[in-house]
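The first sequence: position 291 = 1405 (our numbering), numbered continuously.
The beta-carbon is built from N, C-alpha and C at its ideal position, and this holds for glycine as well.
Structure record follows, encoded as structure tokens.
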Amino acid sequence: MSKTTSPVRVRFAPSPTGYLHVGSVRTVIFNWLLARHTGGTFVWRIEDTDRERLVPGVIETMRETVRWLGVEWDEGPEVGGPYGPYVQSERLSIYREHADRLLEEGRAYRCYCSPERLAELRAEQQRAGLPTGYDRRCRDLSDAERAELEASGTPSAIRFRTPLDGTTTMVDALRGPITYENASLDDFIILKSDGYPVYHFGVVVDDYLMKITHVLRGQEYLSAGAKDILLHDALGISPPVYVHLPLVLAPDRSRLSKRHGAVAALEFRDLGYVPEALFNYLALLGAAYSGDREIYSREELIELFDIDRLNPASAVFDHRKLEWMNGYYINHALTLPDLADRCLPLLRDAGLVTDETPREYVEQVVGLVKDRIKLLPEVVELTSFFFTEPSPAPDEIAGRRLTPEEALPALERARERLEAVTEWSDEPLESAMRSLAEELGMKTGALFMSLRVAITGRTVSPGLFETMRVLGRDTTLARLSRAVDALSGVAA
RNA sequence: GCCCCCAUAGUCUAGCGGCCUAGGACGUCACCCUUUCAAGGUGAAGAUCGCGGGUUCGAAUCCCGCUGGGGGUACCA
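This is the structure:
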């Protein structure tokens, strides 16, 4: 397979019927990467031709989704462009015009069959175990019959006059030529009775008019690919390069859906995934760029992406790997100020941080826990003791290795020693406590654990001494005093 | 049922006729580091390249069949 070098015009054309699924987002990403890779154009088009399934407001949500991922379209709603309008419901006259032409040329015909008849027909075919499809009742109506139906005001749709025999071949860039028997196709509707185009027709007309060179779309369109080719032939135009992207599957190999957990891209944002990680993960799902690496910056992805890097097989969406990657971005890829910016709203909502909290302090705190954050919201639980006073129970302070009677004098001594430390930084703090443990004849682990619980209220925390350092001398000593008080209440 | 696509470890993949005693990553396990948990480091287990036939001096790589999985079969996209 060859490299794509000249500037492409690609598009993503969602139907405003719901949220953007991660599989759709991956399609967006591949299209966008190809556009950027070749210095081409990424077009956004709204395919709102099914008025019954329209969901108000979702166009805005979709835009929010792709912007969150750092993707912008070059042409489309709002930004405009030379081939607008970019909303199909605003292009009805265009479809009508093309449909009329096919009608005149005998490549299409009016069908007066009612939806009820069609449903009945399908039911019968299914009952008889026959392939379903239109029986072409209106294909060869006489002029008189047609005139009569028109006069009676019977609504009509426009159907494509599919060749009865022969074959049609679509070339898919990942799979090569795919040949379909025309006989297995029926006379599909291109323009509904309400004047709106049906998918394949709208797409072919718009992609042509918008000068789309490459169509990267979901595999679900592959089996009906012959319709696109037939339509191009009838309209006397050349098809674009087709790339049918494999589906995103759930772990049980079924189509990924709500019942498998998060599927809407924005849900991942709300769960605490960073867009860089989701982008990276999705760009790698069903594709590979060098085979020996998983983490790629957006720039590298643009540089390395090409159609021949895509795998034609469906891929299972692995939450665990995404989570690993998210943790990697949080711990290694984002700068500390950046990470702090993303944690701040969460800490604020949790009531841990206010406008008075020094930015510097928040950054230091986040810096101590970032290597164990997998999902952003975890920062709250991980750092709460930096912002609120813990009050561990005496036996928690003593821990599993000490009794309160043993812990009390140890912590009293520890407090004295720490108070005497002149330079409040990691090394002096650590050596002071290590020598204390030795003097007391205690295991460092036992002493450190008591200190940890006394100071953080937890048995799990960042390194003890860096925690003390960031907490500061006063807070650390105050917490130790409280712990000593708590212990003496029991040990006395 | 009919039509279409796909097929390398549990998962994502490298591989495009000899470099493969099949490489990387997630996950799993072990060890190291170590004050806890992570992170990090090292290593291990895990794939008769779905199965069966060909083609070829030689096949994970090409062809055919089978099986399995997925998709489509609407006046939905």
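Rounded to whole angstroms, what's the CA-CA distance from residue i to residue j? Just pull it up for me.
{"i": "P1191", "j": "R1251", "result": "40 Å"}
{"i": "T1581", "j": "L1496", "result": "12 Å"}
{"i": "R1236", "j": "S1228", "result": "12 Å"}
{"i": "R1253", "j": "V1157", "result": "37 Å"}
{"i": "Y1443", "j": "V1388", "result": "8 Å"}
{"i": "L1172", "j": "L1601", "result": "Inspection of the sequence shows that residue 1172 is occupied by Val rather than by Leu. Taking the straight line joining both Cα atoms gives about 58 Å."}
{"i": "M1115", "j": "D1406", "result": "Because M1115 carries a pLDDT of 47, less than 50, the predicted location of this residue cannot be relied on, and the following value inherits that uncertainty. Those two C-alpha atoms are separated by around 21 Å."}
{"i": "A1607", "j": "R1221", "result": "Because residue 1607 is not part of the residues shown, which for the chain are 1115 to 1606, the question remains open."}
{"i": "E1259", "j": "G1267", "result": "13 Å"}
{"i": "R1373", "j": "T1283", "result": "37 Å"}
{"i": "A1568", "j": "G1555", "result": "20 Å"}
{"i": "P1170", "j": "P1353", "result": "33 Å"}
{"i": "E1470", "j": "A1454", "result": "16 Å"}
{"i": "S1368", "j": "H1433", "result": "15 Å"}
{"i": "F1419", "j": "G1153", "result": "12 Å"}
{"i": "L1578", "j": "V1362", "result": "44 Å"}
{"i": "D1588", "j": "L1458", "result": "24 Å"}
{"i": "D1257", "j": "L1148", "result": "50 Å"}
{"i": "L1278", "j": "Y1248", "result": "13 Å"}
{"i": "E1189", "j": "R1150", "result": "14 Å"}
{"i": "D1422", "j": "V1355", "result": "13 Å"}
{"i": "M1176", "j": "E1186", "result": "12 Å"}
{"i": "E1519", "j": "S1539", "result": "30 Å"}
{"i": "R1205", "j": "Y1322", "result": "14 Å"}
{"i": "V1312", "j": "A1297", "result": "21 Å"}
{"i": "A1607", "j": "L1255", "result": "In the structure as shown, the chain begins at 1115 and stops at 1606. Residue 1607 is therefore absent and cannot be evaluated."}
{"i": "H1328", "j": "R1123", "result": "6 Å"}
{"i": "Q1202", "j": "E1211", "result": "14 Å"}
{"i": "A1265", "j": "D1366", "result": "55 Å"}
{"i": "E1100", "j": "E1530", "result": "Past the edges of the chain, shown from 1115 to 1606, lies residue 1100, and the structure says nothing about it."}
{"i": "H1446", "j": "I1409", "result": "11 Å"}
Relative to the C-alpha of residue i, which candidate in the options has its C-alpha closest?
{"i": "T1246", "options": "E1211, D1301, T1293", "result": "D1301"}
{"i": "L1359", "options": "R1289, G1513, V1483, A1560", "result": "R1289"}
{"i": "A1534", "options": "L1591, C1457, Y1322", "result": "L1591"}
{"i": "A1340", "options": "T1293, A1512, P1311, L1349", "result": "T1293"}
{"i": "Y1223", "options": "S1266, S1270, V1180", "result": "S1270"}
{"i": "G1350", "options": "V1319, R1587, P1576", "result": "V1319"}
{"i": "D1384", "options": "W1182, R1596, S1120", "result": "W1182"}
{"i": "A1507", "options": "L1594, G1586, W1438", "result": "L1594"}
{"i": "A1521", "options": "A1287, R1412, A1597, E1414", "result": "A1597"}
{"i": "L1344", "options": "F1274, R1583, E1174, E1474", "result": "F1274"}
{"i": "S1337", "options": "A1524, D1286, E1238, T1118", "result": "D1286"}
{"i": "T1119", "options": "I1416, R1572, A1524, D1599", "result": "I1416"}
{"i": "E1166", "options": "S1411, Y1209, G1132", "result": "G1132"}
{"i": "H1346", "options": "H1314, L1206, Q1202, P1291", "result": "H1314"}
{"i": "T1291", "options": "G1243, A1265, V1357", "result": "Reading off the sequence shown, one finds Pro at residue 1291, where the question assumed Thr. Closest option to P1291, Cα to Cα, is V1357."}
{"i": "L1525", "options": "L1565, T1536, S1498", "result": "L1565"}
{"i": "G1332", "options": "T1570, P1523, N1145, E1510", "result": "N1145"}
{"i": "M1324", "options": "G1194, E1510, G1571", "result": "G1194"}
{"i": "F1163", "options": "S1307, R1456, T1570, T1573", "result": "Residue 1163 is actually Thr in this sequence, not Phe. T1163 has its Cα closest to that of S1307, out of S1307, R1456, T1570, T1573."}
{"i": "G1184", "options": "R1412, E1510, G1571", "result": "R1412"}
{"i": "V1604", "options": "E1230, E1264, P1523, V1476", "result": "P1523"}
Residue i and residue j look like a contact to me (Cβ under 8 Å); what is the Cβ gap, rounded to whole Å?
{"i": "L1609", "j": "L1543", "result": "The structure shown does not extend to residue 1609, since the chain is modelled only from 1115 to 1606, so the question has no answer here."}
{"i": "L1168", "j": "P1128", "result": "12 Å between Cβ atoms; not a contact."}
{"i": "L1299", "j": "T1281", "result": "Contact flag wrong, Cβ pair sits at about 10 Å."}
{"i": "L1392", "j": "L1330", "result": "No, L1392 and L1330 are not in contact; Cβ-Cβ is about 19 Å, not under 8 Å."}
{"i": "E1161", "j": "G1316", "result": "6 Å"}
Please list, in chain order, all residues of the same chain as residue i whose beta carbon is under 7 Å from its beta carbon, the five residues on each side excluded.
{"i": "T1558", "result": "R1548, A1551"}
{"i": "E1553", "result": "none"}
{"i": "N1440", "result": "Y1387, V1388, A1391, K1488, L1489"}
Can you name, in chain order, every residue of its own chain whose Cβ lies under 6 Å from the Cβ of residue i, other than the five neighbours on each side?
{"i": "G1386", "result": "L1489, L1490, P1491"}
{"i": "R1125", "result": "V1157, R1159, I1326"}
{"i": "T1610", "result": "This structure cannot settle anything about residue 1610, because the visible part of the chain is limited to 1115 through 1606."}
{"i": "P1121", "result": "T1152, G1153, G1154"}
{"i": "F1431", "result": "V1362, L1370"}
{"i": "L1232", "result": "none"}
Which residues in the same chain have their Cβ closer than 8 Å to the Cβ of residue i, if we skip the five residues on either side of it in sequence?
{"i": "L1396", "result": "V1136, V1139, R1140, I1143"}
{"i": "V1494", "result": "L1460, L1461, A1464, L1466"}
{"i": "I1272", "result": "A1213, L1216, L1217, A1222, Y1223, R1224, C1225, I1303, I1304, L1305"}
{"i": "Q1239", "result": "P1245, T1246, G1247"}
{"i": "R1473", "result": "A1454"}
Worksheet item: Would you call the region 1393 to 1402 and the region 1130 to 1148 in contact, with 3 or more CB pairs under 8 Å?
Response: Verdict: yes, contact present.
Discussion item. Counting beta carbon pairs with one atom in the region 1475 to 1487 and one in the region 1437 to 1450, are three or more of them shorter than 8 Å?
Written reply: These segments touch.
Item to complete: Taking 8 Å as the threshold, find out whether the region 1461 to 1474 comes into contact with the region 1499 to 1517 through three or more Cβ pairs.
Response: They touch, by the three-pair rule.
Worksheet item: Is there contact here, the region 1512 to 1527 with the region 1482 to 1492, by at least three beta-carbon pairs under 8 Å?
Response: Contact between the region 1512 to 1527 and the region 1482 to 1492 is absent: fewer than three C-beta pairs spanning the two stretches fall below 8 Å.
Practice prompt. Count the CB pairs spanning the region 1198 to 1205 and the region 1418 to 1426 that are closer than 8 Å, and state whether there are at least three.
Written response: Taking 8 Å as the limit for Cβ pairs, the verdict is that the region 1418 to 1426 does not touch the region 1198 to 1205.
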